[in-house]
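As structure tokens, the structure follows; a few thoughts come after it.
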Amino acid sequence: MKNGVVIVGAGHAGVQAAASLREDGYDGPVILVGDENELPYHKPPLSKTFIKDQEAKPQPLRGEAFYTGSTIDYRPGIRVDRIDAGRRLELSGGGVLPFDRLILATGSRPRMLPLPGSELSGVVSLRSLADARISR
9 MKNGVVIVGA GHAGVQAAAS LREDGYDGPV ILVGDENELP YHKPPLSKTF
59 IKDQEAKPQP LRGEAFYTGS TIDYRPGIRV DRIDAGRRLE LSGGGVLPFD
109 RLILATGSRP RMLPLPGSEL SGVVSLRSLA DARISR
């Protein structure tokens, strides 16, 4: 497989999928694509410590050395706009990423209820670091 495995979603499931590929002996290219600009991080602490403590830092799922040491090509800040039938991902910004195998680990998004005031500035769901920073 020359293009290897591309994993869309750099949350817990995506990172674990990449780690499992390496642990199980897969030695082809592994590319992990995430739409946030940080290393993948634990999300539960966002509501428990991160929003309460201005000095708190996100807790990475794995350190940077894991990705380089496992030859996992982590690509932060990239959104996938479309999956092409020709085994290509169309990326935000116009790029294209070919793949032989694709793992979708995109997780979920909270549904905002259509209640009065839900559209106001400062009303957010707490899913990402960006959401937590707004809530601080």
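Letter 115 of the sequence shown, counting from 1, is numbered 123 in the numbering used here, and no numbers are missing. Glycine is no exception: its CB is placed at the ideal position from the N, C-alpha and C atoms.
Beta-carbon to beta-carbon, P37 and G12 are separated by about 3 angstroms, close enough to satisfy the 8 angstroms threshold.
With contacts defined by Cβ atoms closer than 7 angstroms, G42 and T114 do not form a contacting pair. Beta-carbon to beta-carbon, S129 and M120 are separated by about 14 angstroms, too far to satisfy the 8 angstroms threshold.
Ranked by Cα distance from V23, the options G103, R83 and A93 are led by R83. Sequence-distant Cβ neighbours of H50 in its own chain, meaning closer than 7 angstroms and more than five residues away, are Q67 and L69. Contact check for D81 against I39 passes: the beta carbons are separated by less than 7 angstroms.
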